[in-house]
Amino acid sequence: VYVRKDMRGKELQKIFPALGTINTITLYESFAPEIAEQVKKRVLDLHRRFSLFEQGSDIFRINEQAGIITVPVHPDTFFVLSHALDYGWETQGAFDITSGAASRLWRDAIRSAQIPSESDIAGCRSLSGLTDLILDKADGTAFLRRNGQQIDLGGIAKGYAADEAVRILKKYKVHNALINFGGTVIAIGREQKMGIQNPFQKNGESMADVMVKNKAVVTSGSYERGFFFEGIRYHHIIDPRTGRPADSELLSVTLIGDSAMELDALATGICVLGEEKGLPLLEKRGIEAVFISNDGEVRITRGLQRDFF
263 VYVRKDMRGK ELQKIFPALG TINTITLYES FAPEIAEQVK KRVLDLHRRF SLFEQGSDIF
323 RINEQAGIIT VPVHPDTFFV LSHALDYGWE TQGAFDITSG AASRLWRDAI RSAQIPSESD
383 IAGCRSLSGL TDLILDKADG TAFLRRNGQQ IDLGGIAKGY AADEAVRILK KYKVHNALIN
443 FGGTVIAIGR EQKMGIQNPF QKNGESMADV MVKNKAVVTS GSYERGFFFE GIRYHHIIDP
503 RTGRPADSEL LSVTLIGDSA MELDALATGI CVLGEEKGLP LLEKRGIEAV FISNDGEVRI
563 TRGLQRDFF
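Residue numbers for the sequence shown follow this note's numbering, so the first one is 263 and each next one is one higher.
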């Protein structure tokens, strides 16, 4: 869908579903519809490779053949898998793409508003492990060691797709644009005001704003999906090390940096790790952050003080 409107000059939008979300490409001032179409085509290709549910996708085939045989994968998939393992080790297993079984267990629990059994939780927890994903660069293959294991790229795929969108736009010399892939946002050129979702209000109500230019912004939040059971809230961000919803005292983590893929993975990992253990990772990589705790306190890193309000 294209939407044209006068807003600080000409604007073109392309909106389409992929990767389990709604994706928007906005081109400002000078643009050509075929450029946005190129981005859409690239993202749909990635969707077909990364989908957890579509038969024939690289991820579906790896999961289907877990414990059986190695699976040849596209270079895109190999690239994301190898980086995901790096982020997994860096976050001490707090971000772990091999924890797909536990993620699926709790997705079903949220739908039914019923806590899984202890045996199911333990069984799914035992099926995750970074050392169980074997990548062979020479052959371009991936292999999960044990039957029943599942990869889920939900915490990194959108980020990679957003980075690829930027690469294509820069190739066509687009100087002003906004990429928004389900809340994974990149501002190119002009400075943009980004709203940080208020976890205690309905979607679209911001708790604060941050000004961003030529940067990616990614939020991961435990407030997005969950349910209450006997007065306790259970949410969708799973700690792979326990097989249960993370208990880091953080409601949301918003990261600002150069690579959306990096931010995507680390935001999820830090939602699990917590602020204290997560901060050294961010400082090492020059990433800024906004933390919102369970009690509603907002804390920001030093580099955001001028642009946060």
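Where a beta carbon is used, it is the ideal one built from N, C-alpha and C, also for glycine.
Have a look at N438, I562, T360 and Q459 and flag the residue whose alpha-carbon is nearest the alpha-carbon of G410.
One-based indexing of the sequence shown puts residue 410 at position 148. Measuring from the Cα of G410, the nearest candidate turns out to be T360.
Between A328 and R304, what straight-line distance do the alpha-carbon atoms span, to the nearest angstrom?
The residue you call residue 328 lines up with position 66 of the sequence shown. The residue you call residue 304 lines up with position 42 of the sequence shown. Computed Cα separation, rounded: 28 Å.
Through-space distance from F489 to A522, alpha-carbon basis
For the purposes of this step, residue 522 is taken as residue 260 along the sequence shown, with counting starting at 1. For the purposes of this step, residue 489 is taken as residue 227 along the sequence shown, with counting starting at 1. C-alpha separation (whole angstroms): 29 Å.
Buried or exposed, going by whether 16 or more other CB atoms sit within 10 Å of the CB of D370?
Reading the sequence shown from its first residue, position 108 is the one you call residue 370. So D370 counts as exposed.
Beta-ladder partner(s) of I287, from DSSP:
Taking the sequence shown and counting its residues from 1, one reaches residue 287 at position 25. Paired residue(s): K276 and I441.
Could you tell me which residues DSSP pairs with Y496 in its beta bridges?
Here residue 496 corresponds to residue number 234 of the sequence shown, with the count starting at 1. Paired residues: F489.
Just tell me which of I321, N442, R547 and D414 has its CA closest to the CA of A427.
Sequence index remark: in the sequence shown, residue 427 carries index 165 (1-based). Of I321, N442, R547 and D414, the residue nearest in Cα terms is N442.
Going by alpha carbons, who is nearest to R495 out of T504, D501, P502 and D509?
Along the sequence shown, read from residue 1 onward, the residue named residue 495 stands at position 233. That would be D509, whose Cα lies nearest to the Cα of R495.
Using C-beta distances below 6 Å, list every residue in its chain close to R323, excluding the 5 sequence neighbours before and after it, in chain order.
Sequence index remark: in the sequence shown, residue 323 carries index 61 (1-based). Hits under 6 Å: V333.
Buried or exposed for S484, going by 16 or more other Cβ atoms inside 10 Å?
Taking the first residue of the sequence shown as 1, we reach residue 484 at position 222. Classification of S484: buried, given that the 10 Å Cβ count is 16 or more.
Since I562 sits in a beta bridge, which residues does DSSP pair it with?
Here residue 562 corresponds to residue number 300 of the sequence shown, with the count starting at 1. I562 is bridged to V552.
Count the CB pairs spanning the region 439-455 and the region 274-289 that are closer than 8 Å, and state whether there are at least three.
yes
Have a look at L535 and Q354 and give me their C-alpha separation to the nearest angstrom.
As a working note, residue 535 is residue 273 in the sequence shown. As a working note, residue 354 is residue 92 in the sequence shown. L535 and Q354: Cα-Cα distance of roughly 9 Å.
State the Cα-Cα distance for the pair H497 and G540, rounded to the nearest angstrom.
Numbered from 1 along the sequence shown, position 235 holds the residue referred to as residue 497. Numbered from 1 along the sequence shown, position 278 holds the residue referred to as residue 540. In a straight line, the C-alpha of H497 is about 20 Å away from that of G540.
Can you look up S381 in the DSSP assignment and give me helix, strand or coil?
Here residue 381 is taken as the residue at index 119 of the sequence shown, counted from 1. DSSP places S381 in helix when its eight states are reduced to three.
Output yes or no for whether 8 Å exceeds the beta carbon distance between V474 and I518.
Here residue 474 corresponds to residue number 212 of the sequence shown, with the count starting at 1. Here residue 518 corresponds to residue number 256 of the sequence shown, with the count starting at 1. In this structure, I518 lies closer than 8 Å to V474 by Cβ.
Could you name the residues of the same chain whose beta carbon sits closer than 8 Å to that of T339, not counting the 5 residues immediately before and after it, in chain order?
Taking the sequence shown and counting its residues from 1, one reaches residue 339 at position 77. Cβ neighbours of T339 beyond the five flanking positions: R311, F312, D320, I321 and A404.
Own chain residues within Cβ distance below 6 Å of A356, not counting five before or after
As a working mapping, residue 356 is identified with position 94 in the sequence shown. The answer, listed in chain order, is G531, V534 and L535.
Please give me, in chain order, every unbroken run of the beta strand (DSSP E) with length at least 3 that falls completely inside the region 312-393.
none
First and last residue of the alpha helix (DSSP H) that includes A508?
In the sequence shown, residue 508 corresponds to position 246, counting from 1. From DSSP, A508 is part of no alpha helix (DSSP H); its letter is neither H nor E.
At the level of alpha carbons, what is the spacing between F278 and Q317?
Within the sequence shown, residue 278 is the residue found at index 16, counting from 1. Within the sequence shown, residue 317 is the residue found at index 55, counting from 1. Each residue's Cα considered, the two are about 21 Å apart.
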